[in-house]
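First up is the structure itself, then whatever we jot down about it.
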Amino acid sequence: MITKEIRIIPPAEMPVFVGALMQGRKVLAPTRNDDGLCVFAWLTAPEHADWACEIPRVPPKQAFLPRTEVLFRYHREKGKETVSPPAPPEPQVVLGLHPCDVQAVKVLDTVFSAEPSPDQPYLARRAVTTLIGRGFADDESFVFCRELGIDPMDNRDCDAFLVPLAAGRMALEILTDKGAALKQAYERFPPAGAGDLAAIAEARKLSAARITQPLDMAAIQRNLETIFNSDLWDRIHEPCVGCGACAFLCPTCHCFDIQEETRGMDGARVRVWDTCQFDLFTRHASGHNPRTSQKERSRQRIMHKFSYGVGRFHIPFCVGCGRCIAVCPAHNDVRQILKEIHDLAKTAKPQDRV
Amino acid sequence: MTTPKQVDLKTIARELLTTGKADVFIGYQAATQPLTAAPLIIHKPLAPDAERDMVRKVDALIFDDRCEMNLVNYLHKFKDRNVAIVVKGCDSRSVVGLLQEKQVDRKNLIIIGAPCRGVVDRRQAGSEIYTACRECPVHNPVIADYLIGAPVPQPDLPEITPEMEAMRKASPDRRWERFHKEMSKCILCYACRNLCPACYCKICFADASKPKWGGRTDDPSDAMMFHLQRLMHLGGRCTGCGACVRGCPMNVDLRLYNDHLRSHVKQEYGFMAGMDPAAQPPLAMYGTDDCNEFIR
Amino acid sequence: MTSPRRRSHKIEFNHGWTPMNTDKTTKTNPYIPYPVTIERVIVENEARDIKTFRLVFQNPEDRKRFDFRVGQFAELSLLGFGESPIGIASSPLDRDYVEFTVKQYPAGVVTTELHNAEPGRPMGIRGPMGNGYPIEKMAGKNIVIISGGFAVTTLRAMIRYLLHPDIRSSVKNITVIYGARSPGELCYKEEFAEWSKRKDIAVILTVDNQAPEWKGRVGFVPAVVADVKPSPLDAVCLICGPPVMLKYTIPELTKLGFKSEDTYLSFEMRMKCGIGKCGRCNIGPKYVCIDGPVFSLAEVSALPAEY
Chain A
16 MITKEIRIIP PAEMPVFVGA LMQGRKVLAP TRNDDGLCVF AWLTAPEHAD
66 WACEIPRVPP KQAFLPRTEV LFRYHREKGK ETVSPPAPPE PQVVLGLHPC
116 DVQAVKVLDT VFSAEPSPDQ PYLARRAVTT LIGRGFADDE SFVFCRELGI
166 DPMDNRDCDA FLVPLAAGRM ALEILTDKGA ALKQAYERFP PAGAGDLAAI
216 AEARKLSAAR ITQPLDMAAI QRNLETIFNS DLWDRIHEPC VGCGACAFLC
266 PTCHCFDIQE ETRGMDGARV RVWDTCQFDL FTRHASGHNP RTSQKERSRQ
316 RIMHKFSYGV GRFHIPFCVG CGRCIAVCPA HNDVRQILKE IHDLAKTAKP
366 QDRV
Chain B
15 MTTPKQVDLK TIARELLTTG KADVFIGYQA ATQPLTAAPL IIHKPLAPDA
65 ERDMVRKVDA LIFDDRCEMN LVNYLHKFKD RNVAIVVKGC DSRSVVGLLQ
115 EKQVDRKNLI IIGAPCRGVV DRRQAGSEIY TACRECPVHN PVIADYLIGA
165 PVPQPDLPEI TPEMEAMRKA SPDRRWERFH KEMSKCILCY ACRNLCPACY
215 CKICFADASK PKWGGRTDDP SDAMMFHLQR LMHLGGRCTG CGACVRGCPM
265 NVDLRLYNDH LRSHVKQEYG FMAGMDPAAQ PPLAMYGTDD CNEFIR
Chain C
163 MTSPRRRSHK IEFNHGWTPM NTDKTTKTNP YIPYPVTIER VIVENEARDI
213 KTFRLVFQNP EDRKRFDFRV GQFAELSLLG FGESPIGIAS SPLDRDYVEF
263 TVKQYPAGVV TTELHNAEPG RPMGIRGPMG NGYPIEKMAG KNIVIISGGF
313 AVTTLRAMIR YLLHPDIRSS VKNITVIYGA RSPGELCYKE EFAEWSKRKD
363 IAVILTVDNQ APEWKGRVGF VPAVVADVKP SPLDAVCLIC GPPVMLKYTI
413 PELTKLGFKS EDTYLSFEMR MKCGIGKCGR CNIGPKYVCI DGPVFSLAEV
463 SALPAEY
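Sequences listed follow chains A, B and C, in order. Under the working numbering, the first residue of the first sequence is numbered 16, with each subsequent residue one higher. Under the working numbering, the first residue of the second sequence is numbered 15, with each subsequent residue one higher. Under the working numbering, the first residue of the third sequence is numbered 163, with each subsequent residue one higher.
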């Protein structure tokens with residue numbers, strides 16, 4: 016990605032930068048709530064942005080696919096019904112995205128822009144969003160994006176990117192026209208000097224060198240095709256309690272339900288987050304359920320993430336952020352499952368295929 | 015009940031699975047994140063070459079202060095099988111609850127009791143034990159066939175905790191503010207419900223559409239409706255094990271409200287959930303000597 | 163309504179979804195339904211839980227936008243209640259209306275409300291969705307249509323379409339085998355009676371159980387297929403029915419020599435968005451709402467058995 020320009024923001028000036036971003040825009044940034052939990056939240060004040068957060072628990076997908084979204088409102092009278100679309104979304108910035116979260120946005124973009132019906136509500140929000148990523152030198156223990164080939168210092172697919180330098184300074188790289196449109200927020204800061212440019216290059220070099228043996232996602236997809244009926248799934252589902260924690264907090268999971276919210280003759284048709292882990296997800300009105308037990312549902316999660324997504328859209332539906340590992344109430348670890356899949360493919364039998 | 019026999023965890027697991035007395039052994043193993051333990055579900059070997067796998071798994075069994083999950087929640091996955099299960103004091107009360115409600119058959123259960131001083135709070139980097147553990151009245155299991163440790167002392171506890179006392183004395187505005195704040199964190203992932211051994215309905219009220227008991231939007235009222243209804247269903251049945259609180263990915267403080275209801279049940283009915291298999295939860299049955307004064 | 167000089171409606175669609183008008187998709191919200199009104203409600207069966215709803219578009223241009231293929235479906239929308247994915251039961255050449263035959267399920271919020279509706283009630287439809295039957299593969303072939311129970315609806319649309327004067331000569335022989343539990347449960351009774359009299363289509367009706375006034379065949383659909391022995395030569399078979407019927411009929415077809423690439427069935431699946439976004443109808447790398455609901459038996463055998 017061709018960098019248009021780079022500015023240096025001193026630590027004391029970050030709230031100034033964030034405050035300027037908030038002029039005429041909503042800003043979604045990592046914040047810490049009263050319990051000390053780090054989440055992506057819409058800022059009410061620039062000081063609330065918490066730069067000590069790496070992987071905020073609630074991912075940035077809420078900026079394009081809110082947990083609840085009004086698809087349209089309606090009013091009903093006898094013999095006549097009127098429908099009104101929601102107001103167009105306001106300009107927004109998502110600030111401080113870890114590069115794995117940026118790749119997750121790319122997964123969502125791929126699904127929601129796919130033919131035959133691009134998802135206009137998602138695309139409308141996406142069109143007015145500026146993504147400002149942020150680089151990380153070290154990761155929390157549950158983050159495994161490097162194993163998927165995602166470099167936590169890489170600025171690809173961002174409109175702007177913050178590289179951490181010494182003494183808390185941040186180098187702001189402006190990468191696209193959307194990034195350049197934030198000029199009034201960053202023009203007060205000095206451009207990067209030769210020393211800064213060298214530091215940035217060094218940070219990138221060090222980070223890239225740590226990606227030595229990424230998992231072969233294409234091989235995992237091929238392996239999964241051979242083990243659909245394996246008894247691996249009997250074992251994997253047993254500790255799973257079938258809640259929605261992993262899916263709701265996954266930055267690429269996007270399944271949703273459409274429901275009515277009605278009061279009298281007025282209401283709205285909304286979409287809300289949903290997950291294949293709930294047994295209601297595939298249950299027919301007749302009572303028939305193609306995925307009757309947690310075994311089928313746990314298998315579906317892994318298959319959709321690592322096989323079907325790759326097969327259909329040529330992109331894995333996992334970016335290695337590790338949120339699922341951090342939040343799973345049964346302490347499942349998807350890395351262990353991937354390892355088993357890798358090893359199992361060697362002993363798969365023909366009848367294990369679909 | 016005969017005195018439970020003191021045994022070593024791995025020895026008893028190996029013995030029960032090899033002799034076939036247990037079809038399934040449910041215990042704990044170390045998990046990948048610091049200060050956490052995951053369930054370990056071991057099936058009895060059905061073929062000679064599965065024996066090695068069973069031995070390897072038994073070797074991974076642990077019991078220490080990382081073992082925070084309530085494993086009784088998994089019994090419903092193994093109905094009609096003989097199950098050996100490791101239970102702490104709090105978990106043993108959940109077993110009693112299921113026995114009271116005829117959800118499990120005592121003869122299918124081999125209960126491996128684990129006296130416990132409390133589980134460390136991984137969110138505090140292990141510096142403290144969980145609130146549920148500080149307030150626990152049953153460090154020693156109330157029902158067990160075997161014990162995998164010596165009984166531990168049971169500290170005296172206040173009738174009502176200082177936090178509960180403060181909340182009850184607070185103004186309605188303050189209480190609403192706290193309730194609203196907790197409910198605003200909830201994302202309706204249903205981890206709390208799915209972790210609870212007492213929540214075993216095949217189709218939960220939250221999943222019903224006729225009628226639709228509550229919505230799933232991000233308006234706090236939807237989270238409030240879910241939790242209020244679930245709480246009422248748990249009235250007199252919740253043992254306060256805290257599995258729901260520990261599993262919540264958003265740190266919603268459900269315990270405050272569960273505890274409030276539990277202490278009311280104790281006050282009004284003199285009843286503690288999950289202590290005596292022959293007892294009946296007061297809100298799940300009626301007797302001819304029930305209080306009638308409120309009927310005019 | 164026929165016009166005096168009508169151009170022949172050519173069969174030349176691609177197998178696969180019909181791309182929606184991109185102008186519409188980039189500018190408009192695909193979740194907003196077209197407003198329609200119920201013009202007519204007909205009770206199809208004795209149990210009175212299957213009804214056909216004739217819907218007319220409130221804006222005539224919407225009917226042109228709703229340009230559908232046989233075998234596609236739509237989401238029927240009732241504001242305040244929800245949506246339900248239902249196969250289109252009328253032919254694309256029935257230009258003034260669209261029909262849907264809907265079974266009411268006690269657990270279904272939308273189907274229950276719909277069954278309480280009367281002509282004049284406004285509602286909405288979103289679509290058309292799905293891939294439809296492989297019309298281009300059917301050109302010049304013998305068509306064998308096999309159906310059981312309530313699943314006949316999109317095949318009724320196919321029969322109406324194929325029997326249209328502009329279309330009939332595009333295919334050779336048409337054989338229809340349709341069975342229901344009892345005579346009262348057969349749908350589209352008048353139409354099937356009319357079609358039974360025609361020379362350009364062979365209609366074989368059957369019921370599971372004998373009934374006093376019934377003079378026709380008695381027997382389960384798989385047994386009737388084995389008895390009638392439709393020829394697989396140069397044939398395309400379209401089959402739609404409940405799982406138990408499919409389970410026993412498909413082996414009969416295989417015995418008769420029907421190829422799995424030339425036999426098509428239509429899936430039922432729980433759906434919500436209908437446009438391949440909400441994930442509900444995902445099986446393997448497919449979405450039933452976009453890549454289906456019509457699949458050949460060959461394609462089905464490559465999918466996980468989660469339907």
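By construction, the Cβ of each residue, glycine as well, lies at the ideal position given by its N, Cα and C atoms.
- The beta carbon of T97/A lies closer than 6 Å to those of H90 in the same chain, with the five residues before and after it left out.
- In the three-state reduction of the DSSP assignment, C53/A falls in the strand class, which pools E and B.
- Within the stretch 80–111 of chain A, L86, F87, Y89, R91, G94, K95, E96, V98 and P100 place their CB atoms closer than 7 Å to a CB of chain C, listed in sequence order.
- Of the other Cβ atoms in all chains shown, 16 or more fall within 10 Å of the Cβ of Q236/A; this residue is therefore buried.
- Annotated as distal: A287/B and N84/B, with beta-carbon spacing of 7 Å or more.
- Within chain B, no residue has its CB atom less than 8 Å from the CB of I251/A, the nearest being about 11 Å off.
- With the rule of 3 Cβ pairs closer than 8 Å, the stretch 402–419 of chain C does not count as touching the stretch 366–381 of chain C.
- Proximity of the stretch 319–338 of chain C to the stretch 426–434 of chain C falls short of the contact definition, fewer than three beta-carbon pairs being nearer than 8 Å.
- DSSP places P205/A outside both helix and strand once states are collapsed to three, so it counts as coil.
- For I356/A, the enclosing alpha helix (DSSP H) covers residues V349 to L359.
- Scanning chain B for C-beta atoms nearer than 9 Å to the C-beta of A269/C yields S223 and K224, reported in chain order.
- C402/C is bridged by DSSP to S309/C.
- By the criterion of a C-beta distance shorter than 7 Å, K280/B is surrounded in its chain by M286, once the five residues flanking it on both sides are discounted.
- Around the Cβ of N238/A, a 10 Å sphere holds 16 or more other Cβ atoms; the residue is buried.
- Contact between the stretch 384–400 of chain C and the stretch 335–352 of chain C is present: three or more C-beta pairs spanning the two stretches fall below 8 Å.
- Interface criterion met: the Cβ of Y204/B is under 7 Å from a Cβ in chain A.
- A check of alpha carbon separations from D453/C across I248/C, I437/C and N278/C identifies I437/C as the nearest.
- Nearest C-alpha to A60/A among P81/A, A78/A, V85/A and G34/A: G34/A.
- In the structure shown, W376/C falls within a coil segment according to DSSP collapsed to helix, strand and coil.
- Residue contact check for C160/A against chain B: no CB pair falls below 7 Å.
- Between the C-alpha atoms of G254/B and R148/B there is a straight-line separation of about 12 Å.
- Interface annotation, Y196/C: not in contact with chain A, CB-CB separation never under 7 Å.
- Here the alpha carbons of K71/B and E461/C stand approximately 41 Å from one another.
- Sorting L276/C, I307/C and L418/C by C-alpha distance to the C-alpha of R322/C places I307/C at the top.
- Within the stretch 304–318 of chain C, not one residue has a Cβ closer than 9 Å to any Cβ of chain A.
- Inter-segment contact for the stretch 108–116 of chain A and the stretch 145–152 of chain A is present: three or more beta-carbon pairs are separated by less than 8 Å.
- For T267/A, the closest of P344/A, A213/A, L123/A and P206/A by C-alpha to C-alpha distance is L123/A.
- What A51/B touches in chain A, judged by beta-carbon distance under 9 Å, is H346, going in chain order.
- Closer than 7 Å to the CB of K434/C there is at least one CB belonging to chain A.
- In terms of Cα proximity to M291/C, the closest of A364/C, T273/C, I401/C and I248/C is I248/C.
- When beta bridges are read from the DSSP output, V205/C appears opposite K213/C.
- For G244/C, the uninterrupted beta strand (DSSP E) segment begins and ends at G244 to G249.
- Within the stretch 321–336 of chain A, the residues whose Cβ lies closer than 8 Å to any Cβ of chain C are, in chain order, S322, Y323, G326 and R327.
- Looking only at G261/B, Y88/B, C215/B and V100/B, the smallest Cα-Cα distance to V156/B is reached by V100/B.
- For R432/C, same chain residues with a beta-carbon under 6 Å away, outside a window of 5 residues either side, are R442 in chain order.
- Listed along chain B is no residue with a C-beta nearer than 8 Å to that of S245/A; the closest approach is about 15 Å.
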